[in-house]
Amino acid sequence: MKTIFTVALLLITTLSTVHAQDWFTNFEKAKTEAQAKQKTIILVFQGSDWCAPCIKLDKEIWATDEFKSYAKEHFVMLKADFPKRKKNALSEDQQEHNNKLAERFNNKGYFPYVVVLNADGKMLGSTGYKKSTPSAYIELLESFN
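Position one of the sequence shown corresponds to residue 1 (the working numbering), numbered consecutively onward.
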């Protein structure tokens, strides 16, 4: 019985890892990946532990299998998180990096704020939370290309 439970747990963990969204947290690494694979960068400014629309966007779009599958082939996903809870605090370096991204691409401080960039880091367009389906949101992001 213990063996069956262990195998089931391992299988569930493996499947959830396979479907996990790969997010970059470093702009230069995201650009390098985008240039190497000729993909668009999707930069997401979020407050993961306090911003209700950010949490909805994550649940309704980013976390869906449909979006993750499409993004894997077409986008480099870059996250700039601004958590408020102490337990979710970022490293000092990461916070500084995110602040610099915000100065450059989100100087009005919108959350969530989704910026579409070409592989060289040039802004093509932006959007925020919209009640949508993953396919409609993908269409919106692709419309900036």
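Where a beta carbon is used, it is the ideal one built from N, C-alpha and C, also for glycine.
| Asked | Found |
| --- | --- |
| Between the CA atoms of residue 144 and residue 38 - distance to the nearest angstrom | 15 Å |
| DSSP bridge partner residues for residue 43 (one or two, in chain order) | 78 and 115 |
| C-alpha distance - residue 116 paired with residue 95, whole-angstrom precision | 21 Å |
| Cβ shell of residue 90 (< 8 Å), same chain only, five flanking positions each side left out | 81, 83 and 98 |
| CB contact flag (residue 67, residue 112, <9 Å) | no |
| Beta-carbon spacing of residue 55, residue 78 below 9 Å | no |
| Beta-ladder partner(s) of residue 125, from DSSP | 116 |
| Contact check, residue 57 vs residue 44, beta carbons under 9 Å | yes |
| Beta-carbon proximity of residue 34 to residue 102, cut-off 9 Å | no |
| Residue from 88, 93, 86 and 123 whose Cα sits closest to the Cα of residue 104 | 123 |
| Cα-Cα separation between residue 92 and residue 48, rounded to whole angstroms | 17 Å |
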